[in-house]
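Number 12 in my numbering belongs to position 12 of the sequence shown; there are no gaps in the numbering.
From the three backbone atoms N, C-alpha and C, an ideal C-beta is built for every residue, glycine too.
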Amino acid sequence: MRWAAFRCVWTSRRAAAVLERWLRRPARPVTDPDMRILVCCMGNICRSPTAEGVLRLRLEVAGLADAVVVESAGTHAHHVGSKPDPRAQTAAAARGVDLSRIRARRVSDEDFVRYDRIYAMDRDNLRNLHRSCPEPLRHKLALFLQHAERFDDDEVPDPYYGGPAGFERVLDLIEDAADGLVRELLQRSGQTPPK
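Structure below.
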């Protein structure tokens, strides 16, 4: 019982500290985007940078690039500062998506306040995000594939230990979810999404 009470107080204080830092930040310039999206996997070198690149391209094509910022991060710090996996870059480049400028980073406490939506590639990473996220902000967390329209999968599998086919599968799933998400954002902005 004492541990539960301590954890509740600690979590509340942590949430309060994060929120207080956020509220003390300078006012947002008029040019700030309407929405900030963070996509997350474990190491931020395969799935989440792929999702960042695909989603950015889809938003640009839809005319929403200025309204929506997309970035990626990992729930672990194994690869901080690294470029995306060369296999991910090769597979993405074959579909017209450039990942070369993305660098791996770890999710920070401030990210839970800064981003409007935080998507995980799988349930394990969603659980990791859930543990780190202050309770009042957990409504921002979800699985990325909730936006998929063609595929029934709810997790993007980690292709790291597999071959090229795994990276192609990741791209198929991510492109499907990105299309669904962009369609939703277009509808919310009053624009007609393409069929």
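{"Query": "Opposite C41 in the DSSP bridges: which residues?", "Result": "G74"}
{"Query": "Closer than 7 Å: is that where the CB of G180 sits relative to any heavy atom of the ligand SAH?", "Result": "The ligand content of the structure shown is nil, which means the ligand SAH is not present either."}
{"Query": "Drop a sphere of 10 angstroms on the beta-carbon of Q89, count the other beta-carbons inside from all chains shown, and report buried for 16 or more, exposed for fewer.", "Result": "buried"}
{"Query": "Using C-beta distances below 7 Å, list every residue in its chain close to A104, excluding the 5 sequence neighbours before and after it, in chain order.", "Result": "G43, N44, I45, G74, H79, V80, G81, S82"}
{"Query": "Measure the Cβ-Cβ separation of S72 and P49 and say whether it is below 8 Å.", "Result": "yes"}
{"Query": "Please classify P84 as buried or exposed, where buried requires at least 16 other C-beta atoms within 10 Å of its C-beta.", "Result": "buried"}
{"Query": "Pick from D109, R95, Q146: whose alpha carbon is nearest that of R123?", "Result": "Q146"}
{"Query": "Could you check how far apart the C-beta atoms of A51 and F144 are, in whole angstroms? I think they sit under 8 Å.", "Result": "6 Å"}
{"Query": "Could you check what DSSP says for L99 in three-state terms: helix, strand or coil?", "Result": "coil"}
{"Query": "Could you compute how far the alpha carbon of A62 sits from the alpha carbon of V182?", "Result": "8 Å"}
{"Query": "Have a look at L55 and R188 and give me their C-alpha separation to the nearest angstrom.", "Result": "17 Å"}
{"Query": "Please state if the CB of D176 and the CB of A148 are separated by a distance shorter than 8 Å.", "Result": "yes"}
{"Query": "Note the first and the last residue of the continuous alpha helix (DSSP H) segment covering A178.", "Result": "164-188"}
{"Query": "Does D236 pass the burial test, meaning 16 or more other C-beta atoms within 10 Å, or should it be called exposed?", "Result": "Since the first residue shown for the chain is 1 and the last is 195, residue 236 is missing from the structure and cannot be characterised."}
{"Query": "Out of G53, P159, S108, state which residue places its alpha-carbon closest to the alpha-carbon of A92.", "Result": "G53"}
{"Query": "When you compare only the Cα positions, how much space is there between D34 and A94?", "Result": "31 Å"}
{"Query": "Measure the alpha-carbon distance for L186 versus G180 and round it to whole angstroms.", "Result": "10 Å"}
{"Query": "Roughly how many whole angstroms lie between the Cα atoms of I174 and E135?", "Result": "28 Å"}
{"Query": "What are the boundary residues of the alpha helix (DSSP H) that includes A91?", "Result": "86-93"}
{"Query": "Taking DSSP as the reference, what is the three-state secondary structure of R106?", "Result": "strand"}
{"Query": "Would you kindly check if the distance between the Cβ of C41 and the Cβ of N128 is under 8 Å?", "Result": "no"}
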